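Engineer:
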Amino acid sequence: KKVMKYTFANIILALLLIACSNQTQFDENKETEKILKLHDLQREYHFKKDSVSFANQFSENFISVNRGVITRPKRHETLARYNGYFSSVEFVKWDDVSKPIIKFSDDKTLAYTIVDKIVQVTYKDEKGITVEGETHFAWTAIYKKYGEEWKIECVTSTEKPVKQ
Numbered sequence: 006k007k008v009m010k011y012t013f014a015n016i017i018l019a020l021l022l023i024a025c026s027n028q029t030q031f032d033e034n035k036e037t038e039k040i041l042k043l044h045d046l047q048r049e050y051h052f053k054k055d056s057v058s059f060a061n062q063f064s065e066n067f068i069s070v071n072r073g074v075i076t077r078p079k080r081h082e083t084l085a086r087y088n089g090y091f092s093s094v095e096f097v098k099w100d101d102v103s104k105p106i107i108k109f110s111d112d113k114t115l116a117y118t119i120v121d122k123i124v125q126v127t128y129k130d131e132k133g134i135t136v137e138g139e140t141h142f143a144w145t146a147i148y149k150k151y152g153e154e155w156k157i158e159c160v161t162s163t164e165k166p167v168k169q
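Offset between the sequence shown (1-based) and the working numbering: plus 5.
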């Protein structure tokens with residue numbers, strides 16, 4: 006009986022060690038930095054007018070909630086939207102009002118950011134006159150982890166013009 010107990014205990018211990026070694030350790034600080042880097046890159050993509058890199062942050066299942074409308078834009082639609090937007094404005098400011106809030110799901114496969122941002126642009130109106138606009142945006146972006154990479158699954162955005 007002692008031999009059987011010892012063997013059974015060894016088998017259980019071995020299975021636990023195998024199970025634990027197959028799980029990767031989640032480093033919340035490291036993953037937070039990855040998401041903050043993506044957030045910072047979004048600013049860079051706006052100023053560089055890089056709609057391709059910007060759209061590459063979205064997953065294939067991306068959902069947008071904006072101005073009371075829920076859409077599931079295809080990649081080519083997202084590219085067209087941002088190509089049009091980026092080519093029609095010059096960014097003066099795309100700055101956080103406060104540091105984004107980042108939280109992770111219990112299983113660490115999802116994360117969300119809450120962003121508070123002021124965006125200032127210049128653009129030409131119908132008469133060709135340069136106009137300056139400033140908007141206060143707040144949004145939530147939901148990220149999903151694909152392997153080692155985070156992709157944006159959903160963005161819910163609100164905005165209000167800044168009073169001048």
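Built from N, CA and C at the ideal position, the CB exists for glycine as well. As the structure is a computational prediction, the values presented were derived from the model and not from experiment.
1) Would you identify the three-state DSSP class for V57, choosing helix, strand or coil?
2) Output the residue ranges of the beta strand (DSSP E) runs that lie fully inside the region 52-117 and measure 3 residues or longer, sorted by chain position.
3) Within its chain, find whatever has a CB closer than 6 Å to the CB of E164; leave out the 5 residues flanking it on each side and keep chain order.
4) How would you write the range of the beta strand (DSSP E) that I147 sits in, first residue to last?
5) Would you mind reading off the limits of the beta strand (DSSP E) that contains V160?
6) Ignore the nearest five residues each way along the sequence and tell me which others in F109's own chain have a CB closer than 6 Å to its CB.
7) Using C-beta distances below 6 Å, list every residue in its chain close to K150, excluding the 5 sequence neighbours before and after it, in chain order.
8) Once you ignore the five residues that flank V126 on each side, which residues in its own chain have a CB closer than 7 Å to its CB?
9) Take every Cβ of the region 82-93, pair it with every Cβ of the region 52-59, and state whether three or more of those distances are shorter than 8 Å.
10) Going by CA-CA distance only, name the one from D45, F63, V160, I119 that's closest to R80.
11) For F67, I'd like the list of residues in its chain whose CB is within less than 6 Å of its CB, leaving aside the five on either flank, ordered along the chain.
12) How close, in whole Å, do the beta carbons of I123 and I106 come, if the pair is a contact with beta carbons under 8 Å?
13) Does the distance from the CB of I147 to the CB of E154 come in under 8 Å?
14) Could you give the C-beta distance for D121 and V102, rounded to a whole number, given that I count them as a contact under 8 Å?
Structural biologist: Answer, in terms of the structure:
1) Position 52 of the sequence shown holds residue 57. Here V57 sits in helix by DSSP.
2) 63-71, 74-76, 95-109
3) Walking along the sequence shown from the start, residue 164 turns up at place 159. Contacts found: T140, F142.
4) Locating residue 147 in the sequence shown gives position 142, counting from the first residue. That run of the beta strand (DSSP E) goes 135-151.
5) Your numbering for residue 160 matches position 155 in the sequence shown. Note, V160: beta strand (DSSP E), 154-166.
6) Here residue 109 corresponds to residue number 104 of the sequence shown, with the count starting at 1. These residues qualify, in order along the chain: A116.
7) The residue labelled residue 150 in the question sits at position 145 within the sequence shown. The residues are T114.
8) What you label residue 126 is simply residue 121 of the sequence shown in a count that begins at 1. So the list reads V94, E95, F96, V97, G138, once near-sequence residues are dropped.
9) yes
10) The count along the sequence shown starts at 1 and reaches residue 80 at position 75. Here the closest residue by C-alpha is F63.
11) Reading the sequence shown from its first residue, position 62 is the one you call residue 67. Once the five neighbours on either side are set aside, F67 has no close Cβ partner at all.
12) Within the sequence shown, residue 123 is the residue found at index 118, counting from 1. Within the sequence shown, residue 106 is the residue found at index 101, counting from 1. The Cβ separation is near 17 Å, so there is no contact.
13) Position 142 of the sequence shown, counting from 1, holds the residue named residue 147. Position 149 of the sequence shown, counting from 1, holds the residue named residue 154. Their beta carbons are not under 8 Å apart, which means I147 does not touch E154 by this criterion.
14) In the sequence shown, residue 121 corresponds to position 116, counting from 1. In the sequence shown, residue 102 corresponds to position 97, counting from 1. Going by Cβ atoms, the distance from D121 to V102 rounds to 4 Å, so yes, they are a contact pair.
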